[in-house]
């Protein structure tokens, strides 16, 4: 759990401090589903089913939970089209777009260097997924 001083002007964001909210946010956002959902929403709005197909391996329950968490953090916008049957789309907020740029850079770097990272190295834990 994090701690904030009563006077927020004295708060110093520091991801290396275990009790800092910044550390909690980093740990939370570094989860694989959060990163993948943000990357998937990079260029356009997506419906729930489209995201399920794009992000292989994510369950409906986990996708719904992840989208709600990202929406609560003001990173994802849920757009209800007000139709029957329900039609809901998701897109990144401006804050989410800013984060996406950083995440996509990391994702593309990993894709570009995948073979170099796992070359002759049986100790890389690739079976954790």
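Residue numbers (full-length UniProt numbering): 1 to 129.
Each residue gets a CB set at the ideal place from its N, CA and C atoms; glycine is no exception.
Among 13, 36, 14, the one whose alpha carbon lies nearest that of residue 106: 36
Exposure of residue 118, with buried meaning 16 or more beta-carbon neighbours within 10 Å: exposed
Simplified DSSP state of residue 78, which is helix, strand or coil: strand
Length at least 4, wholly inside the UniProt domain "HTH hxlR-type" (20 to 118): the alpha helix (DSSP H) runs in chain order: 21 to 29, 32 to 40, 48 to 54, 60 to 72, 94 to 118
Inter-stretch contact at 8 Å, needing at least 3 Cβ pairs: the region 59 to 79 / the region 29 to 47: yes
Where residue 10 sits in the DSSP three-state scheme: helix
Heavy atom of the ligand PLP within 6 Å of residue 61 beta-carbon: As far as ligands go, the structure on display features none, and thus does not contain the ligand PLP.
The region 91 to 102 in contact with the region 69 to 81 per 3-pair CB rule at 8 Å: yes
Reference residue 42, options 113, 104, 62, 108, closest by Cα: 104
Local Cβ density within 10 Å of residue 99, reported as buried at 16 or more and exposed below that: buried
Straight-line Cα distance separating residue 82 from residue 18: 43 Å
Classification of residue 128 by the beta-carbon crowding that lies within 10 angstroms, buried from 16 upward: At residue 128, the pLDDT of 49 sits below 50, so the modelled position is not reliable; the number obtained from the coordinates is stated separately. With fewer than 16 other Cβ atoms within 10 Å, it is exposed.
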